[in-house]
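Protein chains in written order, with my numbering: chain A, 7 to 447; chain B, -12 to 570. Glycine included, C-beta positions come from ideal geometry on N, C-alpha and C. Notes to accompany the following structure.
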Amino acid sequence: MSSNAFQRIYTQLESITKATVSLKAQGVSNDELATVAGRLSQVVKVKDGVVTLQVFSGTEGIPTDADVVFLGEPPALNVSDDLAGRFFNAYGEPIDGGPAVEGQRRHIGGPSVNPYKRKMPSELIPTGIAGIDLNNTLVSGQKIPFFADPDQPYNQVMAQVALRADVDKIILGGMGLSNDDYLYFKHEFEDAGALSKIISFVNTTDQPPVERLLIPDMALTAAEYFAVDKNEKVLVLLTDMTLYADALSIVSNRMDQIPSKDSMPGSLYSDLAKIYEKAVQLPDGGSITIIAVTTLNDGDITHAIPDNTGYITEGQLFLRHDTDTGKVIIDPFRSLSRLKQHVQGKKTREDHSQVMNASVRLYSDAQNAKTKLENGFDLSDYDLRCLEYAKEYATRLLSIDVNISTTEMLDTGWELFGKYFSKAETGIKQAMIDKYWKDNK
Amino acid sequence: MKSTGIVTGIISNLVTVRIEGHVSQNEICYVKLGDERLMAEVIKVSGKNAFVQVYESTRGLKQGDTVEFEGHMLEVSLGPGLLSSCYDGLQNNLKTMSDVFLKRGEYTDPLDHEKKWQFIPIANVGDRVIAADWLGEVKEGWLPHKIMVPFAFKGEYTVKSIAGEGEYTIDDQIAVLTDAQGEDHKVTMVQKWPVKVAVGGYVEKPRPYRIMETGVRCIDTLNPIAEGGTGFIPGPFGCGKTVLQHAIAQQGDADIIVMAACGERANEVVEIFTEFPELIDPHTGRKLIERTTIICNTSNMPVAAREASVYTAMTICEYYRAMGMKALLLADSTSRWAQALREMSNRLEELPGADAFPVDLSAIISNFYSRAGIVSLHNGKTGSVTFIGTVSPAGGNMKEPVTESTKKAARCFYCLEQARADRKRYPAINPIESYSKYLEYPEIISYLNNKVNPDWVDKVNKAKNLVLRGKEVAEQINILGDDGVPVSYHEQYWKSELIDFVILQQDAFDKIDAITPMNRQEFMLTLVLEVCDHKFNFPSFEDCSAKYKEIINIMRQMNYSEFHGGAFNKYLEQVKNILSNEQ
């Protein structure tokens, strides 16, 4: 954000709205940054000599004779290995008291990877959480959000997943984080002694919402540096994408655009896809994996934000409070990892998909039994066993506080089958039963 | 003389240009940004201002930048070498791009200009020909690729000269045609055509009268799609739209397949690149990729090119149709294309229709679907374009504008249902909501009855009724409890479950079950109906469910076994035994 010699300064604003200012200016390029009375803004519209600037921090108190200086480039980030271990704001400026990062200056929101140059994601990312590793296995290069109600501990789960994942760099993009959550992430990363591989771009709730729009692109520009230039495995955490989408709707509203469903801008799908599609398995071994958070309103996935997200991402992890066990679990019915078949049974033990399917099916039988019970019908012996099984399955495998290896998860699965069911009731292929069945009734 | 212009306004990828000279609607232009030339299309003209949508990011563009108009609409190059290619929405060859990232302003040639093709002439000197008539043929893979009189040629021509058999590049002259005024026109193997204009060159477009097999039972048996027909697959995310489309792409009984990945996930396209070169086409035994062209404009690629991508794909299909081939176009997903229209309409500040989509959305969609069809060519042969599009309804709500507009345009409706997907009953096509209007066509009914089985359509309707009855009694059993209804209700319910498990559900990942040819579908449906017609005397509902579960299990094993193979016959024997013992 340095100022160059002989910069032209404009001092006559034509109009001011809540988020934008317009003025007559020449030689201005689209997407270029400028300062308006010292506040960072970006060119969003040029029309017959009048330039409209979006002021990220809002236009409160800006006078009509404010100084406007055009900076000659779109938002950019200096990239180098020195990014590691640092905390930045939405503009890529350090907020940890350290010096500014030297390095190559790259414009954020750069071009997409040629789909023909991509590789098929095929490497497992273990997290220790059975609701993920067993039922919805993560693969490097995947993009997947947590769908969670605001009262659920999604940030804690995400921090755990990040710290356990075997990756070279973790990049946190925090949008509208409460100060407490920001400090939580900071402490978690420090306590784990992992600070040196973590880079954070943070916008907290006390900062202007529109600034958030820069966070994902900043985080992903840093990610692309490590994944493309350094061939590293990078994990990007984006929380909370619902607040990002809210900021989009604020901007489009103030630019007088016609809203589509749920007062979101018509371009919501493309806007979100531009971010999520940065997840990639590169030909030279580097990868970008994106784990995001989309908070829901009372579990409603038909709202435009989770709905568009679901069409873009490769599955979703659904957090739910299980009233039977009092635990937060990863819902096995509504969660999905679209890439799991690329690793299950290939990078894990052969019985993986069989155990996963059988245990989810039996869990669903337990749900049916529960409905029967609630409707006052008699329960069969099988129903009763299903209900018992469901409790133990939820506690020992679905709960988010589990931390075991995938092989242990599979063994636990077999243990539960043997405890509650007959071989035929599990419906598992005979060859697997012969090899792994544990009779401990 | 080319018209030029100066940029006066920029909002995202909508650029206003003050024009010098004349431009036409939908004309292509290039906006100059430093060394880069960004392709754009005129979408509105108002006085001296042209509004153009730029197919790339407009970052860095300034007022006063210059624009050059090209004098033609968005065109594709048509010639041998289209198959096995992978293009973006504007027909740039993605394979020949060097960088890992897509570079703005980098446009690559769709066809190989070096490669030599073995040409065999069909027309003779002195022949009178018109547009789309066949002049000669080259072998593209194993397919006879016809070299035609360019579609843009108007009126009648006389063949003045034609190249002899031999090897030529696509740019070599292979014929000279003389028009009515006595003027000579050179013809090569490649021609250009504007994508937004339907390719003509046929005598008539009759009603579809035969079936295109897809190998998917709940399509072919229950709601078949006609060759030259249209269908659409709406469904919420996670219901298996893409898996179903890939299955159809792998097994569809077409000569060539064009897959348009329009605004969807890049990794899904990677899956096609990775798998199709390995997979075998069940009809010809050749590699699937040899008959496939991929048009890929994934969700993160420039939005404006999404619209272009489906038109590019359709034009390629129409080109092969004119050669007398069966082309199948699969577009995933047309909703993304509609969203691209919405974004642009919004920037143009047009008055919005429902959900902020442009008011002419419905007309645009039906116009596009109408380009499909079976046609009779001038030489008496037939060719066809069958089109199946997916729709991604917002929030899974089938009452949104794209689904509703498509429903008016498409003749087959394959309704993917969340509840079926949740119960892992794949493909999650709802058997009751879905329909094929072709089953009402007398010509299709007689075709099916001739080809498959004399009572085929009656059998299909019977199976559909059983499924519907099953659903009704299931609701009653749920309300009244297992004991609260007569055993016959349970029997009714289990008949529908039998059809569901044996006919409707199909394992797309199992080698044998994934592909069911029509004769096998006929055999299985007949057997299932035989079971349904059988009079069992069940003393209690438990006996009923136990017996049907047993039959379902055996018949599912049949689906997994080779048709009329040893295992298959053994299971068949078991079913027959059950039926005879119960008498």
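Under a CB-based cut-off of 8 Å, is residue i close to chain B?
i      : result
A310/A : yes
Q263/A : yes
N237/A : no
P2/A   : Since the displayed chain A opens at 7 and closes at 447, residue 2/A lies outside it and no answer follows.
M7/A   : With a pLDDT of 43 at M7/A, under the threshold of 50, the predicted position of this residue should be treated as unreliable, and no value is reported.
F207/A : no
V34/A  : yes
S293/A : no
S273/A : yes
G419/A : no
V234/A : yes
Y231/A : no
G316/A : yes
T74/A  : According to the sequence displayed, residue 74/A carries Val and not Thr. It does not: the Cβ of V74/A has no partner Cβ on chain B nearer than 8 Å.
L39/A  : no
G55/A  : yes
L342/A : yes
Measure from the alpha carbon of residue i to the alpha carbon of each residue in the options, then state which is nearest.
i       : options                            : result
A241/B  : R204/B, P221/B, A295/B and R308/B  : R308/B
N314/A  : P69/A, H327/A, Y442/A and K280/A   : K280/A
E251/B  : C304/B, E484/B and Q232/B          : Q232/B
M362/A  : I318/A, L422/A and F324/A          : L422/A
I149/B  : D166/B, P108/B and D171/B          : P108/B
V518/B  : W481/B, E14/B and D166/B           : W481/B
L7/B    : C226/B, V562/B, M(-12)/B and L25/B : A small correction: the amino acid at residue 7/B is Glu; Leu does not occupy that position in the sequence shown. Taking only the C-alpha atoms, the option nearest E7/B is M(-12)/B.
I(-3)/B : N13/B, T(-9)/B, V18/B and S11/B    : V18/B
G109/A  : D306/A, M438/A and T227/A          : T227/A
With a cut-off of 8 Å, does the C-beta of residue i fall near any C-beta of chain A?
i      : result
R24/B  : no
N79/B  : no
T261/B : yes
L403/B : no
P339/B : yes
Q326/B : yes
E537/B : no
N287/B : yes
A247/B : no
C283/B : yes
A118/B : no
N254/B : yes
E258/B : yes
N333/B : yes
Write down the C-beta distance between residue i and residue j rounded to the nearest angstrom, noting that I regard them as a contact closer than 8 Å.
i      : j      : result
W489/B : R543/B : Per the sequence presented here, residue 489/B reads as Val, with Trp not at that position. That pair is a contact at about 6 Å.
L178/A : L83/A  : Not really, about 15 Å apart at Cβ, beyond 8 Å.
G424/A : W443/A : 6 Å
I131/A : V145/A : 7 Å
N333/B : I264/A : 5 Å
S353/B : A396/B : 4 Å
*Please confirm if the stretch 520 to 527 of chain B is in contact with the stretch 537 to 551 of chain B, defined as three or more CB-CB distances below 8 Å between the two stretches.*
no
*Could you run through the stretch 115 to 126 of chain A and flag, in chain order, every residue whose CB is less than 9 Å away from some CB of chain B?*
G115, G116, P117, S118, V119, N120, P121, Y122, K123, R124, K125 and M126
*Indicate whether the contact test is met: 3 or more Cβ pairs, each with one atom in the stretch 71 to 79 of chain A and one in the stretch 39 to 54 of chain A, closer than 8 Å.*
yes
*Spell out a yes or no on whether the stretch 187 to 199 of chain B and the stretch 288 to 295 of chain A are touching, meaning 3 or more CB-CB pairs, one atom from each, closer than 8 Å.*
no
*Determine contact between the stretch 215 to 229 of chain B and the stretch 349 to 365 of chain B, defined as no fewer than three beta-carbon pairs at a distance below 8 Å.*
yes
*Please name the residues in the stretch 380 to 406 of chain A whose beta-carbon is closer than 7 Å to at least one beta-carbon of chain B, in chain order.*
F383
*Short-range partners of chain A found in the stretch 342 to 359 of chain B, where Cβ spacing is below 9 Å*: D342, A343 and F344
*Quick one, which residues of the stretch 365 to 386 of chain B are near chain A if we go by CB-CB under 8 Å, in chain order?*
S379, A381, G382, G383 and N384
_Selection of the stretch 172 to 202 of chain A by Cβ proximity to chain B, strictly under 7 Å_ = none
*Cβ pair count under 8 Å reaching 3, the stretch 266 to 278 of chain A against the stretch 251 to 258 of chain A*: yes
*What residues in the stretch 276 to 304 of chain A bring their beta carbon closer than 9 Å to a beta carbon of chain B?*
S276, L278, A279, K280, I281, Y282, E283, K284, A285, V286, Q287, L288, P289 and D290
*Select from the stretch 45 to 67 of chain B all residues with a C-beta closer than 7 Å to any C-beta belonging to chain A, and list them in chain order.*
T45, R46, G47, L48, K49 and Q50
*Scan the stretch 72 to 100 of chain B for residues whose Cβ lies nearer than 8 Å to a Cβ of chain A and list them as they occur along the chain.*
C73, L81, K82, M84, D86, V87, F88, L89, K90 and R91
*Quick one: which residues of the stretch 451 to 470 of chain B get their C-beta closer than 7 Å to a C-beta of chain A? List them in chain order.*
G468
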